[in-house]
Structures are given as structure tokens and as C-alpha cells.
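Using UniProt numbering, read the first sequence as starting at 1 and increasing by one per residue. Each residue gets a CB set at the ideal place from its N, CA and C atoms; glycine is no exception. The model shown is predicted, which means the values in this text are computed figures rather than measured ones. Data block below; observations after.
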Amino acid sequence: MHKLDESLLANLPPFRKLARSQIREVLDAAQSIRFDAGAAVFSEGMPVDRFYLLLDGHIRVVRTTAGGDQIIVLHIAPGQLFGIGAALGRTTYPATAMTADDCIVLAWPNHLWASFTARHDGFATETYKVVGERVGEMNTRLVELATQQVEQRIACAILRLVTQMGRKVEGGIEIGVPITRQNLSDMTGTTLHTVSRLLSGWERDGIVASERRKITVTAPHRLVELSGVGP
DNA sequence: GCATTAAGGCCCC
DNA sequence: GGGGCCTTAATGC
């Protein structure tokens, strides 16, 4: 296995304050793993044995209900830590991490967590920040689920994806991760049929343009209006 | 306003 | 050709 380059981590928030030698040390302790799209990096209920950093690709954190329905809890963008049960005092993973496309991750054995937070300046505070942001997002979504109608919830979900992994293309902002109607319904507590019907309408109105597994927002301001943030 | 059911079309492995 | 993805329409709560 070839040595990983230090520039991979140097600009990522958890490692930004580290010296070159420290980054080398962190990288040498990591295992780099490639996953095809649709693979589980770890599964709900498994013992927490490692923590991860997503280098490339996108991760869906999902929970499966007793009835077999899948709930998409959140998405992980490149450069983010995930599977950090160690930071939360968990012994098992609370959800499954599914790759949304081809992914490259770094994995460290769990016992290194304590020394990472103790020895590497900025690592712990960045971790708390990430956890805080995710809790905040989940709070927002909880309120949406409880108070908003389906159309607004889907608009909010798409806007979040745009914020987190949108990339500018000519004519709009494309969501940088493959998203199906079913995926959107799994994020918003509705059915793929309702999502399909609404997206078709939005496409007719020129708000979005979509192909299979791909959504481009062509009129973000109008989607914001639909999301119900304002009057 | 929304889920459910049904029925069909398209694309890609 | 079969499975995954998407659409549309009808019906009912």
C-alpha cells in the first residue's frame, strides 16, 4: 500500500492545526478503504470499533425500521468525520453508513480516539462542532416533520442537499450526490409517488431540472419560497 | 392533502 | 430480459 499524502488532511478542519509531523503520524495510523456505491461502511448495532473520515464520495446515514422502511438520517460530505461513536460514549453504531456513490474513507481503530483528542490541538473542538451541527440539523428536521406539509419538507430537504453538496453548473446548482425519488421520500417521511408528482410539477414550473438520480435546482429562490421559511 | 394501488415506460447491466 | 428508477391516474381516507 502506498503512503498517503499529507496534503489529504492538512486543510480539513479536524487536522488544520496540526504540524506536518503530527499529520504524518495520524496518516500512518489510518487504514484507507475504498467502497463501491451502495456498500455499508458499518451497520446499525455493530460494535463501535473504528472511527472514520470521508475523503471522497458521499455517505448516507440510515436507520431501518422494524417494518423494513428506511429512514435517511443525514448525509456526510467529503472531509467530514463519521462513525464517531467513540466521542459519544457508544458501544454500538446507532445507524448504518451507506455509500451513496464510490467512496474512499480513512479508518482508525477506536482506541486511538482518546490520544487524538488529547494530543492533537483542535481535533476535539472540531468534533464537537460537527456533532453540534448534526444535532441542530436533526432538530430542524424534527420541527419540519411535525409542523410542515410534504411540499415544504421536500423543498427544505433539497435546499439542505444544495447547501451541503451543491455544485454550480450552468443553469443552476446541481446536487452532487445521486438522489432518487425514493431517497427523498426516505428523508421526508412521504412516498416516492408524492415526491415524483411534486418534482414533475416543479420541473414544469422551471424550478428544478432532473434526470434519473440527478437533481439540479434552476430557481433556488423559488424553492426557498416553497419551503415556507417566509410569509 | 396525502397515501395507496395499479399500470405502464425508460434505461442499463 | 429483468431490475431499478420514474411517471401518471384513479381511488379513498
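Taking C-beta atoms as the reference points, Leu192 and Ile154 fail to come closer than 8 Å. Taking 8 Å as the upper bound for CB-CB distance, Leu223 and Ile207 are in contact here, some 6 Å apart. Residue environment analysis places Glu170 among the exposed positions, since fewer than 16 neighbouring C-beta atoms fall within 10 angstroms of its C-beta.
Within the region 93-137, the complete alpha helix (DSSP H) runs of at least 4 residues fall at 113-119. Across the structure, Ala107 and Phe51 are spaced so that their CA atoms are roughly 6 Å apart. Looking only at Glu126, Val48, Val130, Glu137, the smallest Cα-Cα distance to Thr96 is reached by Val48.
DSSP places Ile154 within a helical segment (H, G or I) once states are collapsed to three. Contact annotation: His75 and Gln152 have beta-carbon atoms that are not nearer than 8 Å. As the crow flies, the alpha-carbon of Thr218 is around 29 Å from that of Gln70. Contact annotation, Val41 with Val105: C-beta distance approximately 6 Å; criterion of less than 8 Å satisfied. Within the model, the alpha-carbon separation for Val195 versus Ala100 is close to 19 Å. Residues Leu12, Pro13, Leu53, Leu54, Leu55 of the same chain have their beta carbon placed closer than 8 Å to that of Gly79, with the five preceding and five following residues left out of the count.
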